[in-house]
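Right, one structure below, let's go through it.
In our numbering, the protein residues as written are 73 to 310.
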């Protein structure tokens with residue numbers, strides 16, 4: 073019997089795929105140039121060439137984002153890892169509180185807002201002694217418990233937002249006077265199949281388009297905001 077080096081089951085399957093990791097900086101710059109071209113009124117192919125990539129790549133970027141630029145390309149986008157305090161940061165807060173360090177000094181050391189540190193100490197401290205006794209383990213337990221608490225979704229608690237999203241998902245949009253409005257313009261180029269303009273989904277809005285359009289239709293109303301992930305989650309639950 074000859075040695076094969078690997079088992080047959082291992083040779084018959086595909087090897088492990090490495091994680092692509094974070095997109096490189098050049099791709100982010102190309103994406104920004106691409107969406108600036110789209111915002112200027114150019115087609116996805118022309119915008120892709122201006123951004124330094126091929127036309128099919130631009131079409132794929134446009135379709136995968138639902139016709140709207142991704143939110144992570146915005147200059148003011150906040151990193152997901154910085155939204156919540158980590159356990160190591162809570163340990164640092166506990167040490168500084170034991171030393172009597174001021175809240176603003178702790179915030180500067182952790183590169184956080186003073187209101188974030190103050191709210192953390194006020195909400196997640198142990199209070200059995202009658203005072204705010206901040207401990208990292210106790211604070212982490214309070215934070216994990218609050219994160220697991222069931223909360224009503226935005227669509228369930230905001231009827232106006234729910235109607236706005238439902239109308240655009242169904243492709244049936246009308247003015248207050250009852251006049252029907254068309255959905256997004258769908259350009260058919262005949263590359264894959266016959267024309268399907270009569271299909272209802274061709275007039276519907278994608279969750280990405282709805283999330284971005286809310287900022288334009290209700291710029292002064294923070295209650296009319298929802299992420300496309302929340303819309304997808306509501307669709308999957310239903």
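Glycine is no exception: its CB is placed at the ideal position from the N, C-alpha and C atoms.
Coil, strand or helix - residue i by DSSP
i           : result
residue 276 : coil
residue 149 : Confidence is the limiting factor: at residue 149 the pLDDT is only 47, short of 50, which leaves the residue's position unreliable and the question unanswerable from this model.
residue 216 : helix
residue 245 : strand
residue 205 : strand
residue 94  : Only weak support exists for where residue 94 lies, its pLDDT of 46 falling under 50; the coordinates are left without a value.
residue 297 : coil
residue 199 : coil
residue 170 : helix
residue 251 : coil
residue 113 : coil
residue 155 : coil
Given residue i as reference, the closest of the options once Cα atoms are compared
i           : options            : result
residue 209 : 236, 225, 167, 171 : 167
residue 139 : 190, 207, 285, 164 : 285
residue 240 : 189, 277, 194, 169 : 277
residue 160 : 175, 128, 212, 114 : 212
residue 141 : 165, 179, 194, 112 : 112
residue 134 : 116, 183, 242, 291 : 116
residue 294 : 303, 220, 230      : 230
residue 280 : 237, 308, 291, 245 : 237
residue 102 : 195, 114, 118, 125 : 125
residue 145 : 298, 106, 197      : 106
residue 181 : 163, 304, 194, 196 : 163
residue 122 : 136, 179, 104, 190 : 104
Start and end residues, alpha helix (DSSP H) containing residue i
i           : result
residue 128 : 127-136
residue 290 : Where residue 290 is concerned, there is no enclosing alpha helix (DSSP H), given that its DSSP letter is neither H nor E.
residue 196 : 186-196
residue 175 : 175-182
residue 116 : 116-123
residue 229 : 226-229
Beta-bridge partners of residue i, as assigned by DSSP
i           : result
residue 165 : Answer is none; residue 165 lacks a bridge partner.
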